[in-house]
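Peer 1: Please see the structure below; I have some questions.
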Amino acid sequence: PLSTDEITDEKWKKSWFNSPLFKKFSSYFVLHPLSVVLIGFILAVMYMTNAWDGAIYLLLSSLVILYLLWERVYRNSQESMNVGQKVEVITRVNKAKWFKFKIPKSFLLFCQRLFIPIILIATAFLIFSFPYNFYFKPFASGIGILCAPDYLTNIETTRIVDGKQIIEKGRVGLFLFEKDHCQHSYWWELLMLYGFFYFFVFSFLIYLTRAQKILRIDAFVLLLILLSTFLIFLPEFIYVKDIYPAHYRANTMFKLTFQAFIMLSLCSAYIFTRIMRGRLRFIFFPISLLLIILVMTYPYLAIPSYYGDLKIYKGLNGMTYLKTLYPSDYEAILWLNANISGQPVILEAQGDSYTDYGRVSSNTGLPTVLGWTVHEWLWRGDYGVPAPRITEVKDIYETKDLALTQKLLEKYKVKYVFIGALEYEKYPALDEQKFNKLGKLVFQKDRTKIYELK
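My numbering puts the sequence shown at residues 145 to 598.
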């Protein structure tokens, strides 16, 4: 049995959710108001993980709300017609044979029920992502338009940057019109990449024309297909400007079509099971089976081409390679994980992306002065941020000027200095003796050392 307090709480909840105020508020939504707020929260998490995902799935959420609202209006209109209510339609036929429909008085209510949930989702999204946005500076410098005409590429505008007025060509606000930026995908490339998915898409459309009833989930799959198609073709017209001038479409293409690939994969699985319940399955099954077999040959050929002999499997531990290539560094990293708490800054050698540099910070979670330089540059959109640190890290390891070393260490609040195989390789003039004066040796294994600074 419930306690008196629990009964009171239960009654309060019922009285609140059944109150006229809540019902009136809820009437503006095709989803539960709390669900709308939860969607905003999930979109904020997506945005903080990958900014593109936040925008993509906000658009998907808007499409779903639009469909649910249209479904409600359509159902209500069908019910109204069934009970004999008349729908006023003013028809005028002229030589062009066009029809004019009177806008219903409920159009404003329709717009309210469409935009209020979307605005609430966007508001929740902004509120939940505010702590992230407060410190985040987007690296994108504009939206480029592909194959812009000459009169746009030659247009001149002025803007203020760091208090200075500069003149830019081919820029209007956020939009960029750059010369010689006219890349497009060939039709056969699109066919090779997405032909498998669109076989299922067109089969699904044919199936729906014969279906006696279109389910709500069918409509949702159609929305996923619509959004995916939009994401595939969008990079054929625009790109987001980043730090890769030679491959200016690459990042935009990857981020958008990656999500399209995921959504079309989900759609294809559903379409397969849906059509297999209908009469078209005898034609559909052998063709789809052949395509699936062809697609499955890719991992069979691609994985060995990259990894070689699969018999070299070493397990799921991502640090195993360190034990093989840099055994002393591996022991030092294990010591850090076991003995260091909090987030003190540790200094290690900086290097290029997709190399073994950054091995200490990535396997301990400790911050460092500079990791993969190009990635740090990409995330900030300005090479002026990581560039000075390249020289400063080098100076800390190699300079014999004790005062300069101490000044740089204090600048970046470095607590530990790591000296291992890559540090010896990167900085051949490395001066170890000065670290004995600035701190104490807390770990040593062969030539690998860790110094704790005073």
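Glycine included, C-beta positions come from ideal geometry on N, C-alpha and C.
Remember, it's a predicted structure, so these values are computed and weren't measured experimentally.
Which residues does DSSP list as the beta-bridge partners of Q309?
Peer 2: By DSSP's assignment, Q309 forms a beta bridge with I304.
Peer 1: How would you write the range of the beta strand (DSSP E) that E596 sits in, first residue to last?
Peer 2: 592-597
Peer 1: Using the three-state DSSP reduction, which class does F283 fall into: helix, strand or coil?
Peer 2: coil
Peer 1: Suppose you measure from the CA of E232 to the CA of Q356; what does that come to, to the nearest Å?
Peer 2: Here the model assigns E232 a pLDDT of 43, short of 50, so the residue's position is not dependable and the matter cannot be decided.
Peer 1: Using a Cβ-Cβ cutoff of less than 7 Å, which residues in the same chain neighbour D362 once the five nearest sequence positions on both sides are dropped?
Peer 2: L352
Peer 1: Within the chosen definition, does the region 381-400 reach the region 518-527 through at least 3 CB pairs nearer than 8 Å?
Peer 2: yes
Peer 1: Please classify A476 as buried or exposed, where buried requires at least 16 neighbouring CB atoms within 10 angstroms.
Peer 2: buried
Peer 1: Please classify E536 as buried or exposed, where buried requires at least 16 neighbouring CB atoms within 10 angstroms.
Peer 2: buried
Peer 1: What residue from G509, V316, R533 has the CA that sits closest to E520's CA?
Peer 2: R533
Peer 1: Taking the beta strand (DSSP E) that K589 falls in, what are its first and last residues?
Peer 2: 583-589
Peer 1: With a 10 Å radius around its C-beta and 16 neighbouring C-beta atoms as the bar for buried, classify G462 as buried or exposed.
Peer 2: exposed
Peer 1: Between L270, G422, R257, which has its C-alpha nearest A188's C-alpha?
Peer 2: The alpha carbon of A188 has as its nearest neighbour, out of L270, G422, R257, the alpha carbon of L270.
Peer 1: How would you label P261, buried or exposed, when you count the other beta carbons within 10 angstroms and need 16 or more for buried?
Peer 2: buried
Peer 1: So, helix, strand or coil for K551, using DSSP?
Peer 2: helix
Peer 1: Let's test the definition: count the other Cβ atoms within 10 Å of the Cβ of R236 and tell me whether it reaches 16, buried, or not, exposed.
Peer 2: Its pLDDT being 38, under 50, R236 is placed unreliably in this model, and the coordinates cannot settle the point.
Peer 1: Would E492 be called buried (16 or more neighbouring beta carbons within 10 Å of its own) or exposed?
Peer 2: buried
Peer 1: Please classify A333: is it buried, with 16 or more other beta-carbons within 10 angstroms of its beta-carbon, or exposed?
Peer 2: In the sequence as displayed, the identity of residue 333 is Glu instead of Ala. E333 should be labelled exposed.
Peer 1: For K584, does the count of other Cβ atoms within 10 angstroms reach 16, so buried, or fall short, so exposed?
Peer 2: exposed
Peer 1: Please tell me whether T508 and L480 are closer than 7 Å, where the distance is taken between their beta carbons.
Peer 2: Against a cut-off of 7 Å, the Cβ pair of L480 and T508 comes out as a contact.
Peer 1: Distance, Cα to Cα, D545 vs V518?
Peer 2: 29 Å
Peer 1: Spatial neighbours of Y211 within its chain, please: CB distance less than 7 Å, with the 5 preceding and 5 following residues excluded, ordered by chain position.
Peer 2: A363, L367
Peer 1: Report yes if the CB atom of R341 is closer than 7 Å to the CB atom of S412, and no otherwise.
Peer 2: At residue 341 the sequence reads Phe, which differs from the Arg that was named. The criterion of a C-beta distance shorter than 7 Å is satisfied by F341 and S412.
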